[in-house]
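Okay, so the sequence shown: first residue is 2 according to my numbering, each after it adds one.
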Amino acid sequence: MSEPISSVTDLRPDLFQGKTALVTGGGTGLGLELSRGLASLGARVVIASRSTEHHTPLLAEAAERGWSIEAEVLDVRSMGAVADVAARVHERLAESGGSGAVDILVNNAAGNFVCPAERLTERAWRAVLGIVLDGTFYCSREFGKGMIRSGRGGSILNIVATYAWTGMPGVVHSASAKAGVLAMTKTLAAEWARHRIRVNAIAPGVFESEGAGGQLWPNDELKQRLTDAVPAKRFATSAEIAQHCLWLLAPASSYVTGECFTVDGGASLGRGMWEPGERVERR
Ligand code: NAP
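Structural data, given as structure tokens:
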């Protein structure tokens with residue numbers, strides 16, 4: 002497998018010119034890399050999450066590089082808050098002479114931590130389901146309505162994980178929520194295709210991110226164990242995952258909808274009975 006890329010370089014620089022994208026959780030991790038990628042390829046980008054601290058560095062970078070990026074404070078768990086932000090964003094887009102709708106929505110915001118199912122509290126369960134499942138639906142609904150109204154269609158990308166279909170001990174909340182998002186992806190893809198809205202998902206394997214790292218591989222030993230379990234023997238970079246997302250959002254994928262693409266260095270593939278490279282002695 003090739004070495005990790007460090008920036009988005011091999012796509013046409015005006016690929017998303019004239020498009021507006023809203024990325025939830027767009028100030029950190031994968032969302033940050035994807036927002037940078039979209040902006041560097043010409044999109045007007047709106048990032049939306051709870052903490053302005055997560056917005057400031059990207060806004061500063063955008064000012065320096067001449068990218069068009071704005072930020073909205075948003076907790077995606079609240080349908081009312083999502084509706085308010087959608088109304089504000091739509092109004093701004095209409096005022097600046099556009100269609101009054103976003104062209105691209107990336108449902109990337111998430112929360113996750115490891116906890117045995119029997120010890121998971123109602124609050125913890127609700128928090129993760131609220132961000133991942135409810136938040137993805139609320140944003141899809143509000144920004145999807147805008148896409149339908151504009152008549153220009155659009156593209157929605159949901160970030161899931163391979164444990165949406167394999168399951169994974171320790172993250173029953175996240176796995177259940179991501180499985181719901183996968184079903185939502187296929188349902189909305191079929192329901193909104195007539196409005197020229199594509200709805201797809203990406204299932205990344207482990208990639209470097211401060212947010213996930215602190216919760217899911219908080220020490221070197223755990224990180225090494227996860228690395229050893231990946232056939233490619235390394236984590237992805239968030240830029241590698243973002244690159245794949247950009248390809249899926251680009252016009253080159255205009256007939257792709259309802260799909261989930263796994264980008265995990267082979268981590269979710271069955272490995273049968275033998276370790277790769279292991280010497281099997283005959284009796
Ligand atoms: P991350 O850096 O931890 O980012 C999560 C983002 O979600 C933050 O920007 C956070 O911003 C936002 N967020 C959390 N709660 C929110 C809420 N209630 N409302 C609005 N925004 C909220 O995550 P990441 O590791 O880059 O992961 C990105 C996506 O990839 C997630 O969907 C994750 O499940 C998926 N994924 C990650 C991995 C991995 O190895 N990292 C593997 C598979 C799938 P605020 O704190 O400002 O709200």
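Where is the CB? At the ideal position from N, CA and C, for every residue including glycine. Just so you know, these numbers come straight off a predicted model, no measurement behind them.
query: Would you mind sorting Ser177 into buried or exposed? The rule is 16 or more other CB atoms within 10 Å of its CB.; result: buried
query: Do you know offhand how far Ala213's Cα is from Gly32's?; result: 12 angstroms
query: Assuming His56 and Ala40 are in contact, meaning their beta carbons sit under 8 angstroms apart, how far apart are those beta carbons, in whole angstroms?; result: Actually they are not in contact, since the Cβ atoms of His56 and Ala40 sit about 13 angstroms apart, beyond 8 angstroms.
query: In terms of DSSP beta bridges, what is Lys158 paired with?; result: According to the sequence displayed, residue 158 carries Leu and not Lys. Beta-bridge pairing links Leu158 to Val107 and Asn201.
query: Residue range of the alpha helix (DSSP H) that Phe138 falls in?; result: Gly136 to Ser151
query: Per DSSP, which residues does Ser264 bridge with? Please list them.; result: The displayed chain sequence assigns Val, not Ser, to residue 264. Answer by DSSP bridge pairing, in chain order: Pro205.
query: Can you give me the C-alpha to C-alpha distance between Gln297 and Gly112, rounded to a whole angstrom?; result: The requested residue 297 does not occur in the structure, where the chain is confined to residues 2 to 284.
query: When the distance is taken between beta carbons, is Ile157 closer than 8 angstroms to Pro205?; result: no
query: Helix, strand or coil for Ala118 per DSSP?; result: helix
query: Using a Cβ-Cβ cut-off of 6 angstroms (strictly less than) and excluding sequence neighbours within five positions of Met2, which residues of its own chain qualify?; result: Bear in mind that a pLDDT of 42 at Met2, under 50, signals an unreliable position, so the number given afterwards is only what the model happens to contain. These residues qualify, in order along the chain: Ala233.
query: Quick one: does the C-beta of His91 sit closer than 7 angstroms to a heavy atom of the ligand NAP?; result: no
query: Compute the Euclidean distance between the alpha carbons of Asp85 and Pro170, then round it to the nearest angstrom.; result: 37 angstroms
query: Which of the three DSSP states is assigned to Glu39 in this structure?; result: The sequence given here has Leu at residue 39, not Glu. Correct three-state label for Leu39: helix.
query: Can we say the stretch 195 to 209 touches the stretch 234 to 246, given the rule of at least three CB pairs closer than 8 angstroms?; result: yes
query: Between Pro205 and the ligand NAP, is the CB less than 7 angstroms from at least one heavy atom?; result: yes
query: Got a sec? Which residues, its chain only, sit under 6 angstroms from Ala22 by beta carbon, not counting five neighbours each side?; result: Leu39, Ala44, Val46 and Ile105
query: Can you grab the Cα-Cα spacing for the pair Ile149 / Met80, in whole Å?; result: 19 angstroms
query: On the three-state DSSP scale, how would you describe Ala95?; result: helix
query: Classify Val24 as helix, strand or coil using the three-state DSSP reduction.; result: strand
query: Is Glu211 near the ligand NAP - that is, is its Cβ less than 7 angstroms away from at least one heavy atom of it?; result: yes
query: Determine, using beta carbons only, whether Gly27 and Gly101 come nearer to each other than 8 angstroms.; result: no
query: Say the cut is 7 angstroms; is the CB of Gly101 nearer than that to a heavy atom of the ligand NAP?; result: no
query: Residues in the same chain with beta-carbon distance under 7 angstroms from Leu16, minus the five sequence neighbours each way, listed in chain order, please.; result: Leu42, Gly43 and Ala251
query: Can you tell me which of the three DSSP states Ser7 falls into?; result: Reliability of the predicted coordinates at Ser7 is poor, the pLDDT of 44 falling under 50, and no value is obtained from them.
query: Could you tell me if Leu223 is buried or exposed, where buried requires 16 or more neighbouring beta carbons within 10 angstroms of its beta carbon?; result: exposed
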